[in-house]
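Numbering (the working numbering), first residue to last: 202 to 474.
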């Protein structure tokens, strides 16, 4: 899954591709939006696949391929598809096949020009998507088995943010949250709770901004993600900061557990120190 070099960019990693997918998630009709975008790409880029347009078209075509087959080398695709179910029509598949071919041709293509040194490696990486679009048989991925044996390996990651930046490290909320997450990762009862998910890691992105509580949770092939808007700031709790942090972490983990079909969460551990 993640065995390509760290400098390697898949079809969803470019700025244009990732931005297009993020915008697509907010559309009322995902299929219609993808079809319109792919059709426009084919009409306007026949002579030369332009920068930006080719990234977006390839990302959409690979999402469609992954929906068809369930096979995707990119974990991001599994998460996106989990959050955005849609049915691939014959017309959408036809557009995706044509767009994929145009986006991966070796001539008159901005993408092939900037990736000239690793172009063949890139095409090999995209091969599962191409096979899916054309209905060609391919071996399913090896079943994923989580490994929690590595010393110091944490299954839970939590990141906190404000409106437009990360939560400062020197806040009382951040201090308590860091200690609590470390304690959860070291608690055998919590690892036992997490194991039935069959995933390696749960990443929680918590936003501390006044407003309504929100949650968006998705399951990938190897990881789960939970985006939680807690509906309040990190300030103004005084001596009750630890209680608020405990409530927030409990709420986030309980929400993730419900989505993944896990047992009710165990009691939170008391951080040391």
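Note that beta-carbon positions come from the ideal geometry of N, C-alpha and C, so glycine has one too.
Cβ pair residue 432, residue 458 closer than 8 Å: No.
What does the alpha-carbon distance come out to for the pair residue 451 and residue 289? Looking at the backbone, the Cα of residue 451 and that of residue 289 are separated by about 38 Å.
From the DSSP output, in three-state form, read off residue 237 for me. Three-state DSSP puts residue 237 in a helix.
Is the separation between the beta-carbon of residue 241 and that of residue 424 shorter than 8 Å? Contact flag unset, no.
Taking 8 Å as the threshold, find out whether the segment 321 to 336 comes into contact with the segment 346 to 361 through three or more Cβ pairs. Contact between the segment 321 to 336 and the segment 346 to 361 is not established, with fewer than three Cβ pairs separated by less than 8 Å.
Using a Cβ-Cβ cutoff of less than 7 Å, which residues in the same chain neighbour residue 461 once the five nearest sequence positions on both sides are dropped? Short of 7 Å from the beta carbon of residue 461, and not among the five residues preceding or following it, lie these beta carbons of its own chain, in chain order: 398, 420, 425.
Cut-off 7 Å between Cβ atoms - residues of its own chain near residue 467, not counting five sequence neighbours on either side: Closer than 7 Å at the Cβ level, and outside the excluded window around residue 467, lie 390, 391, 394.
Helix, strand or coil at residue 366 according to DSSP, with G and I counted as helix: If DSSP states are grouped into helix, strand and coil, residue 366 belongs with coil.
Would you decide whether residue 213 is buried or exposed? Buried here means 16 or more other CB atoms lie within 10 Å of its CB. With 16 or more other Cβ atoms within 10 Å, it is buried.
CA-to-CA distance, residue 373 to residue 439, given in whole angstroms: Distance between the alpha carbons of residue 439 and residue 373 is about 9 Å.
Taking 8 Å as the cut-off, decide whether the C-beta atoms of residue 310 and residue 355 are in contact. No, Cβ-Cβ distance for residue 310 and residue 355 is not below 8 Å.
CA-CA distance, residue 465 and residue 455? Taking the straight line joining both Cα atoms gives about 7 Å.
Beta-carbon within less than 8 Å of residue 472's beta-carbon, same chain only, minus the 5 sequence neighbours each way: which residues are those? Non-local C-beta neighbours of residue 472 in its own chain, meaning closer than 8 Å and more than five positions away in sequence, comprise 377, 380, 381, 383, 384, ordered along the chain.
Proximal residues to residue 248 (C-beta, below 8 Å), its chain only, five neighbours per side dropped: Spatial neighbours of residue 248 in its own chain (CB-CB distance under 8 Å, excluding positions within 5 residues in sequence) are listed in chain order as 309.
For my contact list, residue 246 and residue 233 are in at a C-beta cut-off of 8 Å; report their separation, rounded to the angstrom. No, residue 246 and residue 233 are not in contact; Cβ-Cβ is about 20 Å, not under 8 Å.
For residue 294 and residue 239, which I take to be in contact (beta-carbon distance under 8 Å), what is that distance rounded to the nearest angstrom? Going by Cβ atoms, the distance from residue 294 to residue 239 rounds to 10 Å, so no, they are not a contact pair.
Can you find the residues in the same chain that come closer than 7 Å, C-beta to C-beta, to residue 217, ignoring five residues on each side of it along the sequence? Cβ neighbours of residue 217 beyond the five flanking positions: 253, 256, 257.
Buried or exposed: which applies to residue 444, given that a residue is buried once 16 or more other Cβ atoms fall within 10 Å of its Cβ? Under this definition residue 444 is an exposed residue.
Less than 8 Å separating the beta-carbons of residue 260 and residue 222? Their beta carbons are under 8 Å apart, which means residue 260 touches residue 222 by this criterion.
Which full runs of the alpha helix (DSSP H) of 4+ residues lie inside the segment 393 to 466, going along the chain? You should have 442 to 461.
C-beta contact flag for residue 304 and residue 312 at 8 Å: Yes, the Cβ-Cβ distance between residue 304 and residue 312 is below 8 Å.
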